[in-house]
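So the protein lines, in turn, are chains W and B.
Under this note's numbering, the first residue of the first sequence is numbered 38, with each subsequent residue one higher.
Under this note's numbering, the first residue of the second sequence is numbered 33, with each subsequent residue one higher.
Backbone N, C-alpha and C fix where the C-beta goes; we use that ideal spot for every residue, glycine too.
Below: the structure, in structure tokens.
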Amino acid sequence: MSEVVKKFMYLNRKAPYGTIYAWESLEVVLIGAAFDQEVSLMFVDDGVYQLVKGQDTAGIGMKNFSPTYRTLGDYEVRYIYVDADSLAARGLTQDDLVAIAYEDMDTEEEIENIVEVVDAARVVELMDEADVVFSF
Amino acid sequence: MPIVVDGKTFETDEEGYLSNINDWVPGVAGVMAKEDDLELTEEHWDIINFLREYYEEYQIAPAVRVLTKAVGKKLGKDKGNSKYLYGLFPYGPAKQACRYAGLPKPTGCV
């Protein structure tokens, strides 16, 4: 395996259940976790709805994959960013979002919540820093 | 190929995973194990039950390395390693145990 670690960013822009994009993105992240890269997820626009807690899909007959986001830390996703403006435009705050825990395999250091709300300038900076951006 | 448990037929996909997770009864694991010439012990059931709880909470079947880590946390370090888990489930702890537990094939199992 290559020693070079690339920064992968998965950019999520769509609401979770209206289209297949959110689920496809999540599946790629879970499968890609086996490749030992530095992975981050960015949620902007309607994509911020993907992290809203307490969703119930029974009425639309779709599998509820919202609880699955909470396992991302186990799949070694280290950074999860949410665009502050997108959140505010939809009347949401960080309290409306799920918390995702992360434990460092080597140091056993535990972080309670890796979901971080960032401003527009930081979003640009983070996208710039990424080697690869997958847009969903 | 569908499997029959206590006279009741359960649909499966082409890889032998249950088509409908909600159909599962413990007897399913027993019949599947028998087809693999495996006798289920309490240790096997610990893992099967653990997987069902994991799915209930997170709605996915964990990949093998995630399973290994999570088992270590829940059932103790002596069980959270590949050697122990492959000893119980020689066809791969995630794939085989998930099948017995009625879950879909694990996401991210490569």
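query	result
Counting only the same chain and skipping the five closest in sequence on each side, list residues whose C-beta sits under 6 Å from that of A133 of chain B.	I80, L83 and R84
In the structure shown, what three-state DSSP assignment does A52 of chain W receive?	coil
Compare the Cα-Cα distances from A31 of chain B to each of B:E46, B:Q91, B:V37 and B:Y86 and report the closest residue.	For chain B, the structure presents residues 33 to 142; residue 31 of chain B sits outside this window and is missing.
Residues of chain B with CB under 8 Å from D111 of chain W, in chain order?	P94, V98, K101 and A102
Along the chain, where does the alpha helix (DSSP H) that runs through T41 of chain B open and close?	Note, T41 of chain B: premise wrong, no alpha helix (DSSP H); beta strand (DSSP E) at K40 to F42.
Restricting to runs no shorter than 4 residues, where is the alpha helix (DSSP H) found entirely within the region 51-135 of chain W?	58-69 and 121-126
Is the CB-CB distance between V85 of chain W and L134 of chain W below 9 Å?	yes
Given a cut-off of 9 Å on the beta-carbon distance, is the pair S123 of chain W and V81 of chain W in contact?	yes
List, from N- to C-terminal side, the alpha helix (DSSP H) runs of 4 residues or more that fit wholly inside the region 75-139 of chain B.	96-107, 114-120 and 125-132
Just grab the DSSP bridge partners of V37 of chain B for me.	B:K40
If contacts are defined as beta-carbon pairs under 8 Å, then N101 of chain W and D93 of chain W qualify, I think. What distance do you get, rounded to the angstrom?	7 Å
In chain order, what residues of the same chain have a beta carbon less than 8 Å from the beta carbon of A138 of chain W, not counting five sequence neighbours either side?	R107, G110, E147, I148, E149, N150 and I151
Starting from V63 of chain B, follow the alpha helix (DSSP H) in both directions and report where the run begins and ends.	P58 to E67
Could you please tell me which residues of the region 74-93 of chain W, in chain order, have their CB closer than 9 Å to any CB of chain B?	none
Look at L72 of chain B and V96 of chain B and say whether their C-beta atoms are less than 9 Å apart.	no
Check this for me: beta carbons of V63 of chain B and I35 of chain B, under 9 Å apart or not?	yes
How big is the Cα-Cα spacing for Q87 of chain W and G112 of chain B?	31 Å
Along chain B, in chain order, which residues have C-beta atoms closer than 7 Å to that of T174 of chain W?	Because chain W in this structure spans residues 38 to 173, residue 174 of chain W falls outside the shown range and cannot be described.
Exposed or buried, what is M79 of chain W when buried is set at 16 or more other beta-carbons lying within 10 Å of its beta-carbon?	buried
Helix, strand or coil for V142 of chain B, going by three-state DSSP, please let me know.	Annotation note: pLDDT 47 at V142 of chain B (below 50); position unreliable, no value reported.
Where does I57 of chain W land, buried or exposed, given buried means 16+ other C-beta within 10 angstroms?	exposed
Compute the beta-carbon to beta-carbon distance between A70 of chain W and E113 of chain W, rounded to the nearest angstrom, for a pair I have assumed lies under 8 Å.	6 Å
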